[in-house]
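Just so you know, the working numbering puts 42 at position 42 of the sequence shown, and the rest follows in order with no gaps.
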Amino acid sequence: MTFRVLELFSGLGGWRYAFAGIGEVVAAYDISPTANATYALNHGVRPIARELASISSATLAAHGADCWALSPPCQPFCRMGHQHGLADPRAKAFLNLMAILPLAPPSYLVLENVIGFLGSEAHDLLATTLRQLSFHWNEYHLCPTQFGIPNQRPRVFIVASRQFRPAQIPPEEPAIALATYLDKREDPGLYLGLPTLAKHKPGLDLVTWDARRTACFIGGYGQRFVGSGSFLQTERGIRRFSPTEVARFMGLPSCFSFPKELGLEQRYKLLGNGLNIPVARWVVQTLSP
Ligand SMILES: C[S@@+](CC[C@H](N)C(=O)[O-])C[C@H]1O[C@@H](n2cnc3c(N)ncnc32)[C@H](O)[C@@H]1O
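Put into C-alpha cells, the structure is as follows:
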C-alpha cells in the first residue's frame, strides 16, 4: 500500500522521512522560508509557501492525497507558552483545516503535537470532526526514550482512518548512552563563557557522555538556557549540543544538512519544531495493514 500524503506544516519534512517507502508526499505546505529552504535542500522539492489559515478545500483536494500528515504549531498548547488554545492566532490554520476537512476528507490523517494538545479545545474539535466523518482513531503518547533514544520529547500522535484498526503496543526499549550521538570533533564555539555560566549554571540541565537521557530540545535552545534542552558537561567545560547532535537525537539521516546561510539559532529553531523520525515512523507503520 502506498499512501499519497499531503504534508501540512511541513517544517524539515519529518513526515516525509517517516513515510519513506510507505507513502509518497504529493505536496507539502509551510510558510517559513528557512524551513522551506532546508526542506528543498534535503528532499529536492520546495514546499508550497501558502498560508494554511486561508487555504481552500479545492486547493488541497487538487493534490489527490488520501492522507493528511500534520504537525500544527504547538505554542498554543505548550507548557512554556501562554496556552491560549484556539484563541491563539497561531491556531487559525488548524481551525481552517478542521473547517475544510469535511468538504473533501482524506482516508487517513496523522497528527503530532505536544502533550498539552490532549484535552484542549483543539483536541475536542478534531475529535468532533473525525467522529462526524465516521473516522476511527488511536491516540499514542510517545517519547523517543521508549525507542532507545536518550532524548525526551513526549508527544501525542493521533492516527485516524476510515477502517477500525486496533491500537498497537509501542516499544519499551532501554535508552542507550548519549556518547554515540556526539560529534567526533567538538565545536569550541559551543562552550558557554564564564559570564553566562555565572548567570545560568544553577538552572541548566547538565548531562555527561554516559547519561541515558537528555531533555527535550526546544526551538529556543540557541538563545535560552533553563528549560530549553540539556547541556553537556565535559572535562573542558559546559557546552550546548551541536545542531548535528540534536539532529541525531531526532533521528534525521546522517546526510541531512542545513543551507549554509542558516545560523545556529535558526538551525536549533527548525530542529526544536521537528518530529522525532523513528517515533513518527512507528506511528506511520501502525497505518499499514
Ligand atoms: C511544529 S512545526 C512542524 C515541523 C515539522 N513536522 C517537521 O518535521 O519539521 C510547524 C510548522 O508550521 C509552519 N506554519 C505555522 N503556521 C503556519 C501557517 N499558518 N501556514 C503554513 N505553515 C505554517 C511553521 O513555519 C513550522 O515550520
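Glycine is no exception: its CB is placed at the ideal position from the N, C-alpha and C atoms.
When burial is assigned at 16 or more other CB atoms within 10 Å of the CB, is residue i buried or exposed?
| i | result |
| --- | --- |
| Pro202 | exposed |
| Phe231 | buried |
| Arg153 | buried |
| Leu103 | exposed |
| Leu130 | buried |
| Leu287 | buried |
| Trp209 | exposed |
| Leu204 | buried |
| Glu173 | exposed |
| Arg46 | exposed |
| Ile158 | buried |
| Arg185 | exposed |
| Arg236 | exposed |
| Ser254 | exposed |
| Gln132 | exposed |
| Gly219 | buried |
| Pro105 | buried |
Determine the DSSP secondary structure at residue i, reduced to helix, strand or coil.
| i | result |
| --- | --- |
| Gln163 | coil |
| Gln223 | coil |
| Ile100 | helix |
| Trp68 | strand |
| Ile238 | strand |
| Gly21 | coil |
| Arg267 | helix |
| Ala8 | In the sequence under discussion, the amino acid at residue 8 is Leu, which differs from the Ala named in the question. Three-state result, Leu8: strand. |
| Val246 | helix |
| Val45 | coil |
| Glu51 | coil |
| Arg16 | helix |
| Glu173 | strand |
| Leu233 | The question names Leu, yet the displayed sequence has Gln at residue 233. Here Gln233 sits in strand by DSSP. |
| His63 | coil |
| Ala27 | strand |
| Trp282 | helix |
| Asp124 | helix |
| Phe217 | coil |
| Asn36 | helix |
What is the C-beta distance between residue i and residue j, in whole angstroms, given that I count them as a contact (C-beta under 8 Å)?
| i | j | result |
| --- | --- | --- |
| Gly222 | Tyr268 | 4 Å |
| Ile100 | Ser57 | 4 Å |
| Leu12 | Tyr29 | Not really, about 14 Å apart at Cβ, beyond 8 Å. |
| Asn273 | Gly251 | Rounded, the Cβ-Cβ distance is 15 Å, inconsistent with contact. |
| His136 | Phe94 | 21 Å between Cβ atoms; not a contact. |
| Thr145 | Arg213 | 7 Å |
| Phe249 | Thr38 | Phe249 to Thr38, Cβ: 17 Å. No contact. |
| Thr34 | Leu206 | Actually they are not in contact, since the Cβ atoms of Thr34 and Leu206 sit about 30 Å apart, beyond 8 Å. |
| Leu126 | Met98 | 7 Å |
Measure the CB-CB distance between residue i and residue j and report whether it falls below 8 Å.
| i | j | result |
| --- | --- | --- |
| Ala177 | Ala122 | no |
| Ile238 | Leu182 | no |
| Leu190 | Ser242 | yes |
| Cys67 | Gly23 | yes |
| Gly44 | Arg4 | no |
| Gly160 | Leu109 | The sequence as given places Ala at residue 160; Gly does not occur at that position. The answer is yes: Cβ separation under 8 Å. |
| Ala167 | Pro150 | no |
| Asn42 | Phe256 | yes |
| Leu142 | Val284 | no |
| Ala27 | Ile48 | yes |
| Phe217 | Gly229 | yes |
| Asn113 | Pro72 | yes |
| Ala40 | Lys92 | no |
| Leu271 | Ala247 | yes |
| Ala69 | Arg281 | no |
| Ser107 | Arg50 | no |
Is there at least one Cβ from chain D nearer than 8 Å to residue i's Cβ?
| i | result |
| --- | --- |
| Val156 | Structure shown: chain D not included; a single protein chain is present. |
- Chain-ordered residues, beta carbon under 7 Å from a heavy atom of ligand 1: Qualifying residues come out as Phe9, Ser10, Gly11, Leu12, Gly13, Gly14, Trp15, Tyr29, Asp30, Ile31, Ser32, Ala35, Arg50, Glu51, Leu52, Ala53, Ser71, Pro72, Pro73, Cys74, Arg90, Lys92, Ala93, Glu112, Leu270, Asn273, Gly274, Leu275.
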